[in-house]
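Asker:
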Amino acid sequence: MEELAGSVRGPWLLAGDFNVISTVEERAGGSPANARNIEEFNAAIGTCGLAEVPFDGSLFTWTNGRVCQRLDRALMNWDWAEGYDLSHVSHLSRGRSDHAPLVITANNGRKGKSSFKFLNVWQRHSGFMEVVRQGWAMPVEGLGMPKFHNKLRAVKGCLQTWNVQVFGNVFNKVKEAEAVMKQREEHFDKERDSVSRAELEEAKAAYARSLAVECEYWRQKSGIKWLQVGDANSAYFHSRCRQRRSYNFVARIKEQSGAWLEDIQDIRRSAVGFFSSLFASEQHGFLPPALPFSLPQLTPADNDRLGALPGMEELKGVVFALDADSAPGPDGFGAGFYQVCWDIIKSDLLEAVQAFFQGMRLPRCFTSTSIILLPKVAGAGQWKDFRPISLCNVCSKIISKLVSDRLATVLPTLISPWQTGFVPGRGITDNILLTQELVVDLDRRLRHPNLMLKLDMEKVYDRVEWPFLLFMLRKFGFAEHVVDIIFRLVSNNWFSVLVNGEPSGFFKSTRGVRQGDPVSPGLFVLIAEFLGRGLHHLLDSQPHWRFVSAGTVVPYLAFADDMLIFTRCSEECLSALKGFLSDYQEASGQRVNVTKSSFFLPSWASPGQEQLVHRGLGFNRQTFPFTYLGAPIYKGRRCGILFDGIVSKMRSRLEHWSMKLLSFGGKLVLARHVLASLPMYLLQVLDPPKAVLTRLGVLCNSFLWDQNGERRIHWSSWDNLCFPVDEGGLGFCSFRDMARAFSAKLWWRFRLGTSVWAEFMHAKYVNGCHPADAAPVRPSAIWRRLQAIRPMVEPSIRWCLGDGLVDFWKDRWVLHEPLESVVVRPDHPHFLVSEFITLDGWDDLRLAQWVPSFVIQAIKDTPFDVSQKDRMVWLHSPTGCFSVKSAWEVLRQKRQYSLVDSLLWSSVLPMKMSFLAWRVMRNFLPLDVTLRSRGLSCPSRCGCCYLEEEDLLHVFFKGPVASEVWRRMSARFGFRLPNCLGMASVFKAWYWTAAIPSKDHIRTFMPVVVCWFLWSARNQERFRGIHWGSDKVICEVDHFLEGLGKANLFRRSHFNGDVDCDLLRLVTTPPRRRIPRAVMWEKPPFGLLKLNSDASVKHGRATGGGLVRDYQGKMIFAFYKEFGDYNVLEAEGLALLFGLQLCSQRGLRPSLVEVDSKALVQLVVSGVLAKWPLCNCLRKIRGLLEGFSATIAHVFREANSAADRLADMGAIGVTEYDQFQELPAIVRASVVLDSRSVPGVRWISEGV
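With the working numbering, the residue at position 49 of the sequence shown is 1344, and numbering never jumps.
Listed below in structure tokens is the structure:
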């Protein structure tokens, strides 16, 4: 196959029996698949530049009666996919043969009638906003929602006309700009004067702009969201569009009768018939089911919030939370239009949304929906194999999301803890972790063995019966006006089915909620709560039906419709369970897919018990491992084959031929943000063997270095690349480091103890001791993972005291070490911190019995609030909340900081340039001398002088062309580049010559640009025979910098200190002027008091001060205090807390509080936990402010001068001032000026 790929040019397709599979899913039965054969086959496919031709029919094409495999397939190269983009393979029935015949159809896509779709590239045009403004201002009929729709129609007509007459065809403009550029190049080659040069530069800039527009067009159309900036990757985006179109293409369909339809009109009629029937109610009268269990109830306040009239700020938050690039509904306007044109449409949009909340029914023009069909399985051949996703109009989606966001605030109080789908604060990982833990207990020896049921529900969203939805809403206590809002959202939806891109049919649903509608998941979990609560009640009523485990009772686990039931294998239990499931299906419209549902019994279970479950429920027995929520669930030893799925998925993403169209910059972005995230989901719940992580790293490394399906030199190993850029890496995250970070997250969540998984693990393994000391005899794989990470994570956990229910000796709540390691005693009896707290504060006498005086003082300085719960604090986060990123930073392997490497990466430059500079720094380039050192025998000749050998320094610095380029470029900046011994010295020299060195300075990234064009010129000479000289390189550098300027990427800060540089003309944005502003302390309203505080930190010594004044500016009291060793933010908090405490002691109630620390105000107002020990201080501050009913605000230092001068006094100890005359003179002066409203002057940037 590889020989054929090397000899054949043009489009070609290869089909037949390859006698090997490409993924583990392509084999069923018998022994496990051979992973090495799979890897070799996929490597060959990638090397040949081939891709799978999409197929329909059975997944398996061969069987011997015991084993089924997909051995037959068709592969196509890039040229074939371009010419026959809708090629398709049909797997026919095997008949008497052991192989299935393949029928290959080579189709070229037929262009259908295109509908209007808003293009994000339109907003780049200077006249776009005016066109929208004029169209929106046209007079239209109607009010509320009809009026808004009519305005959209008016704008649509204007944009269609403007697109044809003004904006023009994107692809034609690229061709025209390219033709003009070629003409200008020919003219310049003849004339060689300044006029022709300027014309050429202008043509090149126009061509670059047209390419950028084309790239943005294909990016939006392809749906790629990770590649936003940098290099133009139009070919890649285009190929992804073709790939998606081919993947979703329906060549033929099998009806329920068994007949195959191949005519497109028959296929469309069949689609409309199937989905209109699916969305049609089957109930002929709703009989409310009995509720033998209670449901939590909404409060009147909850109902008021759910039904309140939306305001402009809430509406804006909803609109800008939508994905601007998501596919639009039938009206063609995506969320990008609403965001870009917000100021024009916001008033009419608010009027339309408020009209809905006031009772107006959603019109058909709002609820019209296009259904796209996404295959759920490989080889989808029946309509049931497709997932119908609704493309809703954004105007309708905005209303749904608004209701959904409000609904999300009440779901945690309504939904059982074992349902984690779409409930804020809960995660899918709990289900996987808990399932894996319960599987360990499946084999317990019991009279009635443990039993695990895996339910598969059919089309759960589409089968929701509306009467049952309303029944559940009312049972949860939703008010009638809220029920009406929800019912109007779901009850007037009209659908068209998109078959191969063209709409078919137009019908109304009478049941179901739309997949793709933001409110649908929340409504579904409310419906599914009937099933969950019923199962809990059923199993709770008969304790001997419960699944036996050492942890807490878990009756079921659900993520939306993915449900596992944990019970016992007894005839009575199975009969009751079957009856309840039948009642649920009849009432809700849901249907259990008996053929796909399964059960799991212990390995020692008898055949009779297996038959009991099969007869009782109709389910089939399944064996381990199995996949649940995308993760493998297994029994016994962890082995690498469990992770073949994720390895195969990553390989298929990396080795697809569309990836070969990416530039190096595109590859870096993909590897950083997409491919690295593929395994992260599994790393959260599983700890793969090191061999699996190594395989993933090898795949990523090959993707980065190999080109066009050919293996190239791997200049570095993956492990060496997985460091931050300022440590010499490429910004990737090592899979091993990420596995440790996710292990840390598990320990954090376990210690937090708020999830059902954490509660289960505490009950099973901790057994009353401290979690840090737990050492079970037979731990599970998950507990061993927790044990391994525990000593690395526990020292980073602190406690912000509330009610004091933390361990006195073992938890870190007062010092950076637990007290048991600070206080030397023969024993440390178990105490809680709350046992040392009295109504008056800390119990000094009891503390003195157990800890020394220096610890007592530290404890007495630690605030607590018994009215609140203790809070866990992550030491390495400014907010005090755990984050995987901060854990990764703590646990990862580190290298020494490298200034030179940090200078290579600039946000101004395309990533491919920075990547080349990184390679230059390491001599990772295929230069003659470098290749020879790697064992490749080749002659060496420099292409610029034809005299010396080609090595790194000669090409990039010492050669005649390079040295002349550096000399002339440095002269433009007024300095002479010294003789450097290496490229690192060159980058450093440019950096330090700047008057104000910074990483975004023009002098910092200029060497990167020069290196890029020196390398480009060298390659043109080597591979195209184009002679390279210094004039040409400098011309290319200038052209590139001109392009950056025209793209408005330059700022004046890039040229700090280079006021006479000729490149300063490229900065198009005017400088921001600094203007004076009068700032003064404002007196509080009549009868109120104001507290001002501030802090100062000098030489590691923190001090603070403040004062309280009345409405006349008269001082009531002032204070100064020395705090010790604290940073600025902590000192600001302590100063404010001390001032509030003094007010409380004196019986004063300040209504206004002002500080000049914006960060402190944000922390207090936001309610975040904050870093330890500041969190203790913040908790007290919030409590005192709430007690005073006071508000806190940020002011500039000039309006806080009195407190600022008090804090900066530099005295020792604590001082309180009750008389104005006691104040230092400089403070008295500030108080007098403030009382007379004398302003200070603050210089600010214009526009702030």
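Glycine is no exception: its CB is placed at the ideal position from the N, C-alpha and C atoms.
Rounding to the nearest angstrom, what Cα-Cα distance links residue 1414 and residue 1728 in this structure?
Answerer: Approximately 43 Å, taken between the alpha carbons.
Asker: By DSSP, does residue 1434 sit in helix, in strand, or in coil?
Answerer: coil
Asker: Under 6 Å Cβ to Cβ from residue 1742, same chain only, skipping five residues before and after it: list those, please.
Answerer: none
Asker: Mind reading off the beta-carbon distance from residue 1370 to residue 1401? Whole number of angstroms is fine, and I expect it under 8 Å.
Answerer: Distance from residue 1370 to residue 1401 at the Cβ level is roughly 13 Å; contact not present, criterion being Cβ atoms closer than 8 Å.
Asker: What residues in its chain sit with their C-beta under 8 Å from that of residue 2350, if we drop five residues either side in the sequence?
Answerer: Result list for residue 2350: 2296, 2297, 2356, 2358, 2359 and 2362, in chain order.
Asker: Here's a check: name, in chain order, each residue in its chain whose Cβ is nearer than 8 Å to the Cβ of residue 1634, leaving out the five neighbours to either side.
Answerer: 1614, 1615, 1617 and 1619
Asker: So, under 8 Å CB-CB, residue 2383 and residue 2406 are touching, yes? Tell me the CB distance rounded to an integer number of Å.
Answerer: 6 Å
Asker: Taking only three categories from DSSP, how would you classify residue 1542?
Answerer: helix
Asker: Flag this pair as touching only if the stretch 1768-1777 and the stretch 1877-1891 have three or more C-beta atom pairs under 8 Å; answer yes or no.
Answerer: In short, these stretches do not touch, since the Cβ pair count stays below three.
Asker: Comparing C-alpha positions only, which one of 2097, 2102 and 2221 sits nearest to residue 2064?
Answerer: 2102
Asker: Alpha carbon to alpha carbon, what distance is there between residue 1441 and residue 1644?
Answerer: 11 Å
Asker: Report the CB separation of residue 1632 from residue 1795 in whole angstroms; it is logged as a contact under 8 Å.
Answerer: About 26 Å separates the two Cβ atoms, so there is no contact after all.
Asker: Expressed to the nearest angstrom, what Euclidean distance is found between the alpha-carbon atoms of residue 1748 and residue 1917?
Answerer: 10 Å
Asker: DSSP state of residue 2514, grouped into three classes?
Answerer: coil
Asker: Which whole runs of the beta strand (DSSP E) in the stretch 2435-2478 are 3 residues long or more, in chain order?
Answerer: 2447-2450
Asker: Check this for me: beta carbons of residue 1646 and residue 1411, under 9 Å apart or not?
Answerer: no
Asker: Which first and last residues belong to the beta strand (DSSP E) in which residue 1368 is found?
Answerer: 1367-1372
Asker: Throw me the rounded Cβ distance for the residue 2447 and residue 2485 pair, which I believe falls under 8 Å.
Answerer: That pair is a contact at about 7 Å.
Asker: What three-state label does DSSP hand residue 1303 in the structure shown?
Answerer: coil
Asker: Taking the alpha-carbon positions, what's the residue 1273 to residue 2232 distance?
Answerer: Outside the displayed range of the chain (1296 to 2543) lies residue 1273, so it cannot be described from this structure.
Asker: What separation, rounded to the nearest whole angstrom, lies between the Cα atoms of residue 2523 and residue 2515?
Answerer: 7 Å
Asker: Comparing the CB of residue 2142 with every heavy atom of the ligand NAP, is any distance shorter than 8 Å?
Answerer: Because no ligand of any kind appears in the structure shown, any question about the ligand NAP cannot be addressed here.
Asker: What span of residues does the alpha helix (DSSP H) with residue 1845 cover, start to end?
Answerer: Note, residue 1845: premise wrong, no alpha helix (DSSP H); not H, not E.
Asker: Using CA coordinates, which residue listed in 1757, 1861 and 1456 is at the minimum distance from residue 1735?
Answerer: 1861
Asker: On the CB-based measure, 16 or more other CB atoms within 10 Å of its CB, does residue 2209 come out buried or exposed?
Answerer: buried
Asker: So, using beta-carbon positions, are residue 1416 and residue 1310 closer together than 9 Å?
Answerer: Not closer than 9 Å, so no.
Asker: In the structure shown, what three-state DSSP assignment does residue 1386 receive?
Answerer: In the structure shown, residue 1386 adopts extended strand secondary structure according to DSSP, grouped into three states.
Asker: I want to see whether chain B comes within less than 9 Å of residue 2195, judged by CB atoms only; does it?
Answerer: You won't find chain B in this structure, because it holds only one protein chain.
Asker: Rank 1826, 1898, 2069 and 1706 by C-alpha distance to the C-alpha of residue 1816 and give the top, closest one.
Answerer: Distances from the CA of residue 1816 to each of 1826, 1898, 2069 and 1706 were compared; the closest alpha carbon is that of 1706.
Asker: In the DSSP assignment, the beta strand (DSSP E) including residue 1800 goes from what residue to what residue?
Answerer: 1797-1803 is the extent of the beta strand (DSSP E) around residue 1800.
Asker: On the criterion of 16 or more Cβ atoms from any shown chain inside 10 Å, does residue 2189 qualify as buried, or is it exposed?
Answerer: exposed
Asker: What whole-angstrom Cβ distance do residue 2413 and residue 2429 have, given they're in contact under 8 Å?
Answerer: No, residue 2413 and residue 2429 are not in contact; Cβ-Cβ is about 16 Å, not under 8 Å.
Asker: In terms of alpha-carbon separation, which member of 1831, 2509, 2224 and 2040 lies closest to residue 1871?
Answerer: 1831
Asker: Can you check DSSP and say which residues form a bridge with residue 1351?
Answerer: 1385
Asker: Compare the beta carbon distance of residue 1606 and residue 1732 with 9 Å and say whether it is the shorter of the two.
Answerer: Not in contact: residue 1606 and residue 1732 (Cβ atoms no closer than 9 Å).
Asker: Would you kindly work out how many angstroms separate the C-alpha atoms of residue 1522 and residue 1962, rounded to a whole number?
Answerer: At residue 1522 the pLDDT is 49, less than 50, meaning the model places this residue with poor confidence; the figure from the coordinates comes in the next sentence. If I take the Cα positions, the gap works out to 10 Å.
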